[in-house]
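Notes for the one structure printed next.
2 protein chains.
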Amino acid sequence: MQFSTKERILGAAEMLFAQHGFAGASLRQVTSAAKVNLAAVNYHFGSKENLINEVFRRRLDELNARRLSTLRAAQTEANPRLEDILAAFIKPALALSLDRNGGGAFVRVLARAYAEHNESLRKFLSDNYGHVLKEFAAAFAALLPTLDKQELYWRLDIVSGALTYAMADFGVIKRRGAVSEQAHCELAAEHLIKFASAGLRER
Amino acid sequence: MQFSTKERILGAAEMLFAQHGFAGASLRQVTSAAKVNLAAVNYHFGSKENLINEVFRRRLDELNARRLSTLRAAQTEANPRLEDILAAFIKPALALSLDRNGGGAFVRVLARAYAEHNESLRKFLSDNYGHVLKEFAAAFAALLPTLDKQELYWRLDIVSGALTYAMADFGVIKRRGAVSEQAHCELAAEHLIKFASAGLRER
DNA sequence: GTCTATATAAGGATAGAC
DNA sequence: GTCTATCCTTATATAGAC
Chain A
1 MQFSTKERIL GAAEMLFAQH GFAGASLRQV TSAAKVNLAA VNYHFGSKEN
51 LINEVFRRRL DELNARRLST LRAAQTEANP RLEDILAAFI KPALALSLDR
101 NGGGAFVRVL ARAYAEHNES LRKFLSDNYG HVLKEFAAAF AALLPTLDKQ
151 ELYWRLDIVS GALTYAMADF GVIKRRGAVS EQAHCELAAE HLIKFASAGL
201 RER
Chain B
1 MQFSTKERIL GAAEMLFAQH GFAGASLRQV TSAAKVNLAA VNYHFGSKEN
51 LINEVFRRRL DELNARRLST LRAAQTEANP RLEDILAAFI KPALALSLDR
101 NGGGAFVRVL ARAYAEHNES LRKFLSDNYG HVLKEFAAAF AALLPTLDKQ
151 ELYWRLDIVS GALTYAMADF GVIKRRGAVS EQAHCELAAE HLIKFASAGL
201 RER
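Written out as structure tokens, the structure is:
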């Protein structure tokens, strides 16, 4: 087998959580899709709840590492543009949906997690990845020195909302038959960056 | 009793769907919260699935009627501004969260519904309320005659995303202690309208 | 580490008395 | 229209053989 039992469970869980939600996807469905025994979940993860946590950790570590490295690369430029900072925030997130082995499913899991409004999950995300947001906020503030801090936070919140929505492909934009997943993703990133830079610069 | 059994079930279901999701909230929880008998759900609604549909219909009819009447009022003005059309789209939606008797819960149910990616629900929303979006798109197109149609759809999609996110109060914006729910909502609407009008006008 | 078998609980739905 | 009682299915979790 190419993938271990543990990895197959994580992959199947991600897919089924995206499809049916955390409560809606049963461990029976998961283990059946992963082609492992029902009891394997409790052996490897202890409980369904912990399995959910591990599904998140598997992707978010890498996503935020990419965001930060791209951000820092942009900041070493002589004259970083607002669009570059936005790209560092947006592109790795949208690119995640192109990852082979279920990245597309994961972004929908993420959207569900937001909708869940789950306090313990918010805490998990804030504790583990809050510093990333802080670093981006500082980078935007440096490029928009006349913008009030509170005003900046409002606008970054709007950008995050539009990004979350775009990641999960909620929208009504219909892909033309010939447009590949990758091309759609790049188009979405371009439009978001353009729209957001105008909104952020507005005075 | 002030509310009928049917209304109490709808209210309790809305609250619990917001809290635990459609799969996560059981009919036993719903009927217990509504202080009605378990069998009452099947008597009044036939099934859990149909109960979910009725929870949506109860709010969306009024929301979209308000959006359309505000839009049409704005359009009778001599020189309607882009901001007015945006306000007609955004303000009734955010105001919904202020409705007494569970409007706040409903917007979270709506966010969950988006995250569900449920095809039959998308069809329901599209069939019943798609004409509203069309009318708004036409109004925006009239005010932005140089903007390519496809480009306009992309941007409206971004606005919808940010609005959905704001409605569900996903964001990281902390309300200062003294800021009321209503004031927060009005601030959110103002920021969204300002940000979105800049993004839409961008060339 | 993986299996079968099962304990135990909770779910949606319904039948039938009142 | 509302109740109790119950059917049937599905769920999570675990025990114990291999």
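Chains A and B are the protein sequences, given in the same order.
With full-length UniProt numbering applied, the first sequence closes on residue 203, and no number is skipped along the way.
With full-length UniProt numbering applied, the second sequence closes on residue 203, and no number is skipped along the way.
C-beta atoms are modelled at their ideal positions from N, C-alpha and C, and glycine is treated no differently.
All values derive from a computational prediction rather than experimental measurement.
Closer than 7 angstroms to the CB of A:HIS184 there is not a single CB belonging to chain B. The beta carbons of A:ASN64 and A:TYR165 sit no closer together than 7 angstroms.
In the structure shown, A:PRO80 falls within a coil segment according to DSSP collapsed to helix, strand and coil. Using a Cβ-Cβ cut-off of 9 angstroms, B:THR76 is close to nothing in chain A; its nearest Cβ partner there is about 27 angstroms away. For the region 100-142 of chain B, the continuous alpha helix (DSSP H) assignments of 4+ residues that do not extend past its boundaries occur at 103-116, in sequence order. Judged by DSSP in its simplified three-state form, A:THR5 adopts helix.
Nearest CB-CB separation between A:ARG67 and chain B: not below the 7 angstroms threshold. Excluding the 5 residues flanking it on each side, B:PHE136 has same chain C-beta neighbours closer than 8 angstroms at ARG67, LEU71, ILE85, ALA88, PHE89 and LEU156, in chain order. Along the region 155-170 of chain A, going in chain order, the ones with a CB nearer than 9 angstroms to a CB of chain B are ARG155, LEU156, ASP157, ILE158, VAL159, SER160, GLY161, ALA162, LEU163, THR164, TYR165, ALA166, ALA168, ASP169 and PHE170.
From the beta-carbon of B:LEU192, the residues of chain A found nearer than 8 angstroms are ILE158.
Following the DSSP letters along the chain, one finds A:ASP61 inside the alpha helix (DSSP H) bounded by residues 48-75. Out of A:ALA74, A:PRO92, A:ALA39 and A:PHE56, the CA that lies nearest to the CA of A:ARG122 is found in A:PHE56. In terms of Cβ geometry, B:ALA162 and A:ILE158 form a close pair [threshold 7 angstroms]. Between A:GLY199 and chain B, the shortest Cβ-Cβ separation is below 7 angstroms. Using a Cβ distance threshold of 7 angstroms, B:ARG8 and B:ALA25 do not count as a contacting pair.
Listed in chain order, the non-local C-beta contacts of B:GLY21 below 7 angstroms within the same chain comprise ARG112, local neighbours out to five positions each way being set aside. Sequence-distant partners of A:TYR114 (beyond 5 residues in either direction) whose C-beta falls short of 8 angstroms from its own C-beta, in its chain, are THR164. Beyond the five residues adjoining it in sequence on each side, A:MET15 comes within less than 8 angstroms, by CB distance, of ALA33, GLY102 and ALA105 in the same chain, given in chain order. An exposed status is given to A:TYR43, since fewer than 16 other beta-carbon atoms sit within 10 Å of its beta-carbon. Under the three-state reduction of DSSP, B:THR31 is assigned to helix. Spatial neighbours of B:ALA12 in its own chain (CB-CB distance under 7 angstroms, excluding positions within 5 residues in sequence) are listed in chain order as VAL30, ALA33 and ALA34.
Going by DSSP, B:SER26 is part of no alpha helix (DSSP H) at all; its letter is neither H nor E.
The beta carbon of A:GLY104 sits no closer than 7 angstroms to any beta carbon of chain B.
According to the DSSP assignment, A:SER160 belongs to the alpha helix (DSSP H) that extends over 149-167.
In the DSSP assignment, A:GLU202 falls outside any alpha helix (DSSP H) and carries neither an H nor an E.
In the three-state DSSP reduction, B:LEU98 falls in the coil class, being neither helix nor strand.
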